[in-house]
Amino acid sequence: MKISRQMRINLYEIVMMIGLIVGGAVIAQHVIIGVLFIMLGVFSYMQLGYIVSKGKAVPFYRRKQPTNYLEELDKERGKK
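Numbered according to my numbering, the sequence shown spans residues 24 to 103.
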């Protein structure tokens, strides 16, 4: 089974978020475990950047966001 590039990016993003959040929460109690989780997050972030630079897949934070109401207002003002 071949995993598509977009799926892999989504997976790495989830792992990155979990790694950084859990690492930040755990580091207060167990420094070593917290650092390991943060390293996992950073590693998946690097993998994400590598995949994005190689291909056409788009990470979550670069996808087209729905346009903001204020931006629409500015465009209308610019026309007048």
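For glycine and all other residues, C-beta sits at the position ideal for the given N, C-alpha and C.
Query: Would you grab the beta carbon distance between VAL38 and LEU59 for me? Rounded to a whole angstrom, and I think it's under 8 Å.; Result: Actually they do not touch by this definition, with Cβ atoms about 13 Å apart.
Query: Taking only three categories from DSSP, how would you classify SER27?; Result: coil
Query: Distance check for VAL49 and ALA28, CA to CA, integer angstroms please.; Result: Note that residue 28 corresponds to Arg in the displayed sequence, not to Ala. Distance between the alpha carbons of ARG28 and VAL49 is about 31 Å.
Query: For ILE32, count neighbouring C-beta atoms within 10 Å of its own C-beta (all shown protein chains included) and say buried if the count is 16 or more, exposed if not.; Result: buried
Query: By the three-class DSSP mapping on this structure, what secondary structure does GLN70 have?; Result: helix
Query: Going by beta carbon distance, what residues of the same chain come within less than 7 Å of ILE74, once the five residues before and after it are set aside?; Result: ARG28, ARG31, ILE32 and ALA80
Query: Whose C-beta lies closer than 8 Å to the C-beta of ILE61 among residues of the same chain, with five residues either side of it excluded?; Result: GLY42, LEU43, GLY46, GLY47 and ILE50
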